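With my numbering applied, the sequence shown has no gaps in its numbers, which climb one by one up to 414 at the end.
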Amino acid sequence: MSALPQVDWARLRELRARFLDAESRATPAATADYFAFAHDVELYDMTFAQRIGWKWIAALRELEQRAPQLAPRTLLDWACGSGAAARALLASPLGARVERVNLWDRSQRAREYARRSLLELRPGLEVELCVRDGADLVLASHVLDELDEEGERALEAVLRSARACVVLESGAHASSRRLGALRARMLDEFTPLAPCPHREACGALALPTNWCHFFAKPPAEVFRDAFWAEFAREVGVDLRSLAYSFVALTRSNVEFDAAQHRILGRARLMKGRALLDACSREGVATLSLLERLDRKLFKTLDEPSNEPKLWRLELEGARITALRNAADASRDP
Ligand SMILES: C[S@@+](CC[C@H](N)C(=O)[O-])C[C@H]1O[C@@H](n2cnc3c(N)ncnc32)[C@H](O)[C@@H]1O
């Protein structure tokens, strides 16, 4: 028996077609409000928003390691939809001190759903359904593709009003590059916290074919769950592929280690070696890693992971001769 009536699967297919259409547009354009009924937000929340939440888990895990000092008391989720981004933040250690959340979305149905879902997670939380400037942290998630230039200016103004912000988008080429351009503009007032290991211009933007993106790991139970199997079949989604791009920016000072490289995308495994795209202050370079340097690590290189591949590297030309996880290196004296 199906978990949802056919009419709901059809609606989910329609929503997905809208998202893919927005993602593939050559020039920025605003979308129309697609949450026509409260049930649309429910369907969105039980499917697409869950997958977005899994991407947030990966991005927040990286922030937890790289910016544990980020402990916002006030949060604004702009274009909150059903509240996936704010919920992920509240569920992460970084969200432990949040007292007030402002939720904003053009859809009133979405705003109200998001408020209920946050209060279920943390009763007693102060939740306001309006934009309030000056939040400790602003989140924006999967919205750039739905904004024309005016909408993007409004988003940027909100981001600039905050002390820190995280924008997380799909891992698609155009979305990631649009996010890179937003990062570039904001560097006049902000410094990257993640994923960039530097405050220089984005190396991925330097080559038109390149884009900064990562792959999150969905929870293991998803692959044993009848609902998700049906979702994948009915809506045509590959559950294993959870590409995302993100940037976290702060007004505070950030120290960078010149030897750190953030590995992007997916490693290309060959016999005895792997090719990796590594971002550093020098730009994005394709580096090679010999299997014998670290056999255990090598086996996992092309698997999605929520542990950020932020490595201190020693190089001979484009060959990695020594490698340490930056988190391990920073724990040692
Ligand atoms: C793909 S959904 C993402 C929702 C949520 N941030 C998430 O990650 O699940 C895009 C959201 O952006 C909202 N949106 C689109 N354009 C907007 C605008 N100009 N101002 C505010 N919200 C907007 C939509 O109503 C929708 O809720």
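All C-beta atoms in this analysis are idealised placements derived from N, C-alpha and C, irrespective of residue type, glycine included.
Predicted, not measured: the structure shown is a model, and the values here were computed from it.
Proximity test, residue i beta-carbon vs ligand 1 heavy atom, cut-off 7 Å
i: H223; result: yes
i: L228; result: yes
i: T108; result: no
i: C98; result: A small fix is needed here, since residue 98 is Ala in this sequence, not Cys. Not so, every heavy atom of ligand 1 lies at least 7 Å from the Cβ.
i: R197; result: no
i: T112; result: yes
i: F118; result: no
i: I133; result: yes
i: A160; result: yes
i: R168; result: no
i: R349; result: no
i: S163; result: yes
i: A130; result: yes
i: E188; result: The sequence shown places Ser at residue 188, rather than the Glu named in the question. Yes - ligand 1 has a heavy atom lying nearer than 7 Å to the Cβ of S188.
Residue i, buried or exposed, once every other Cβ within 10 Å from all chains shown has been counted against 16
i: T128; result: buried
i: A275; result: buried
i: N334; result: exposed
i: G261; result: buried
i: E233; result: buried
i: F327; result: buried
CB contact flag (residue i, residue j, <8 Å)
i: A329; j: K136; result: no
i: V182; j: L156; result: yes
i: A324; j: S386; result: no
i: A282; j: A255; result: no
i: L356; j: I344; result: no
i: L320; j: P289; result: no
i: S242; j: I133; result: no
i: A119; j: R190; result: yes
i: T331; j: T402; result: no
i: E123; j: P389; result: no
8 Å Cβ shell around residue i - same chain, five flanking residues per side excluded
i: D375; result: L404
i: Y194; result: A119, V122, E123, D126, S163 and G164
Whole-angstrom distance between residue j and residue i, CA atom to CA atom
i: T367; j: L210; result: 45 Å
i: L170; j: P204; result: 15 Å
i: A339; j: F312; result: 44 Å
i: R192; j: S163; result: 7 Å
i: R471; j: L382; result: Limits of the chain in this structure are 82 at one end and 414 at the other, which puts residue 471 out of reach.
i: G398; j: A238; result: 42 Å
i: V219; j: E231; result: 19 Å
i: R36; j: V248; result: Given a span of 82 to 414 for the chain in the structure shown, any question on residue 36 remains unanswerable.
i: G364; j: E336; result: 18 Å
i: D121; j: W392; result: 42 Å
i: F116; j: V318; result: 21 Å
i: D126; j: Q87; result: 18 Å
i: M351; j: L371; result: 10 Å
Nonlocal neighbours in the same chain, by C-beta distance under 7 Å from residue i, ignoring five residues either side
i: V208; result: V182, L184, R196, L199 and L200
i: R347; result: F296 and D383
i: L415; result: This structure cannot settle anything about residue 415, because the visible part of the chain is limited to 82 through 414.
Spatial neighbours of residue i in its chain, beta-carbon cut-off 6 Å, leaving aside the 5 residues before and after
i: R213; result: N183
i: A148; result: L274
i: D226; result: A103, E104 and S256
i: W292; result: H254, S257, R258 and A285
i: R154; result: R178, E180 and D217
i: F379; result: E372
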